[in-house]
Every structure is written in C-alpha cells, then in structure tokens.
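In this text, residue positions in the sequence shown follow the numbering used here: the first is 1, and each later residue adds one. Structure first, then comments.
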Amino acid sequence: MISIVIPLYNERENILTYRDELFPEIDRIADATGESFQYILVDDGSRDDTYLLLQALARERSDVIAVTNGTNKGMGAAIKHGLQHSKGDLVVTMDSDLTFRPEDVKALILAYQASHPDCVSGSPYLEQGLLEEVSFIRFLPSKVVNTLYRILLGADITCVSPIFRLYRKDALDGICIQSNNFDINAEILAKLLLGGRTVVEVPVALHTRRYGESKINVSKEIRNHVRLLTKIFKIRVFKGSWD
C-alpha cells in the first residue's frame with residue numbers, strides 16, 4: 001500500500017477539486033501499477049471549513065483518513081502528523097493545491113519500481129521538468145539555495161525543497177524529523193543522504209496555484225534554510241550532530 005500524505009491549511013477551493021482531479025487520477029494509477037492507496041489528509045488548524053470538507057471526503061471514501069492538528073502548527077508538523085497515520089510501506093507527500101499534478105505520482109512509482117531507492121524526489125529543475133510562470137525573483141533564491149545544498153551534501157540533487165516525493169516508510173522511520181515548517185522536505189532529504197540512503201530524482205512539472213494563496217513566509221523560510229545549511233556544514237566539516 002502507498003499512503004498519500006497531504007497537509008492542508010485554508011484550502012477549501014482546492015479540496016473541492018479532489019473528486020474530479022485527485023481521486024480519479026490516483027485510481028487510474030492504481031489500475032496501471034497494481035498498487036493500492038490510502039489518503040491521509042491533514043488539516044493544520046484551518047480557519048475556514050477545510051476540516052469539515054475533509055471529514056466529508058472521509059465519509060464518502062473508505063481510503064481517506066481526515067485528521068487535524070487543531071491549531072496552525074506548520075506544514076512540517078502536518079506532514080509528521082500524517083506519517084503517524086500512514087499504513088503503507090511507501091509514502092507519497094504532495095501539496096494540497098495540486099501544483100504538482102497527481103498524474104506525476106505514476107512517475108514516482110515507476111522510478112521506485114525500477115531500482116527501489118529509499119526516496120524518489122520530483123524535480124522541476126531536471127531537463128525534462130517544467131517550472132510554470134515562476135518569477136525571476138522567486139526562481140533565483142531557489143536556485144541559489146539548491147546549489148548550496150548540493151555542494152554541502154556532495155550529492156547530484158537538483159532540487160532539495162519540493163514536497164512531491166515518494167519515500168520508503170522504513171527509511172523515514174529511521175530518522176528523527178525535527179522541522180515543523182516548509183524546510184521539512186530539505187531536512188528529510190539531507191538526513192537520508194547523510195545517512196547513506198539512496199535518493200533518485202525524476203522530472204516533473206510544477207504548475208502555478210489556481211485557487212487560494214501560498215502559505216509560505218519567504219523571509220522565515222530563508223532563515224530556516226540558513227539554519228539547516230549551517231547544521232549540514234558543521235556535520236560535514238566538523239563531524240557534528242543534528243542535535
């Protein structure tokens with residue numbers, strides 16, 4: 001079984017698309033790959049009716065589990081909460097606004113079936129990937145940060161921060177995930193790589209958000225990434241620890 005973990009915060013409009021755009025596509029992928037799926041939909045203390053809508057989906061579909069953090073704790077906290085409820089040997093994490101399209105879950109699965117790595121990460125920066133209408137002011141910092149991670153980790157990884165990934169559950173169980181914020185994805189990847197785990201990338205498209213607005217606080221996340229990069233530097237150069 002593959003558990004799909006999706007963190008949500010004030011995502012009413014996007015949830016309303018799931019019946020037509022998320023579930024049917026994953027059902028087709030299940031038929032094509034022979035995999036079974038469950039959905040862990042995690043409300044991160046939304047102020048709108050996100051959790052009520054998730055509960056309605058859980059009543060409609062036996063493969064949907066709806067849980068809530070109660071208060072807004074951050075995307076990382078929501079992902080960790082979702083992992084606690086996952087029953088699959090494999091876990092897919094993806095965003096609530098479907099900017100990484102559900103049909104690309106198949107690419108993650110096929111890459112896993114080919115070589116059974118510990119993580120398959122979707123990257124829009126690979127040659128056949130796509131970044132749709134991303135402004136230069138957002139593109140440049142992302143490229144700089146990803147370059148720094150690649151250098152410090154000593155790994156040929158083009159994109160360390162995307163949520164769109166497939167993990168072996170036992171690989172995640174073997175690390176202590178600390179972040180409650182958007183840098184959780186970079187933290188997980190860094191800990192897997194520094195722990196000797198295997199990570200492969202596949203090209204995917206990153207589309208623009210259609211409904212609602214991004215919840216990321218850019219200045220806060222830059223600080224979080226600087227802290228994480230500093231930790232990685234100390235571990236690599238001075239043989240420090242994650243504590």
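For glycine and all other residues, C-beta sits at the position ideal for the given N, C-alpha and C. Keep in mind the model is a prediction, meaning the values are calculated, not measured.
Residue i burial status per 10 Å Cβ neighbour count (16 or more: buried)
i	result
I222	exposed
F164	buried
R19	exposed
H116	exposed
A114	exposed
P24	exposed
V237	exposed
V332	Only positions 1 to 243 of the chain appear in this structure, which leaves residue 332 out of reach.
Inter-residue spacing [alpha-carbon to alpha-carbon] between residue i and residue j
i	j	result
S121	A171	14 Å
L206	N14	16 Å
F233	N181	20 Å
I157	I65	33 Å
H225	C159	13 Å
P7	G240	32 Å
Y39	D31	16 Å
E35	R28	10 Å
N146	L54	34 Å
D81	S62	According to the sequence displayed, residue 81 carries His and not Asp. Each residue's Cα considered, the two are about 19 Å apart.
E107	L192	It should be pointed out that residue 107 corresponds to Ala in this sequence rather than to Glu. Each residue's alpha carbon lies about 21 Å from the other.
A149	I2	Reading off the sequence, residue 149 comes out as Tyr, not Ala. Distance between the alpha carbons of Y149 and I2: 28 Å.
8 Å CB neighbourhood of residue i in its chain, flanking five on each side removed
i	result
F100	M94, G122, P162, I163, F164, V204, A205, L206 and H207
T71	G45
T50	L8, Y9, N10, E11, R12, I15 and D43
Per DSSP, cross-strand counterpart(s) of residue i
i	result
I4	Y39 and V92
Y167	V91 and C119
F238	According to DSSP, which records beta bridges pairwise, F238 is partnered with nothing at all.
P24	Per DSSP, none; premise fails for P24.
Close Cβ partners of residue i (< 6 Å) along its chain, the five nearest in sequence each way excluded
i	result
T198	P117 and D118
K169	D89 and V91
Cβ-heavy atom distance, residue i to the ligand GTP, below 7 Å
i	result
L110	The ligand GTP is not part of this structure, which contains no ligands at all.
Cβ-based neighbour list, residue i, same chain, cut-off 7 Å, excluding 5 preceding and 5 following
i	result
A58	V64, I65 and A66
Quick test of the definition: if touching needs 3 or more C-beta pairs under 8 Å, does the stretch 73 to 92 touch the stretch 179 to 196?
yes
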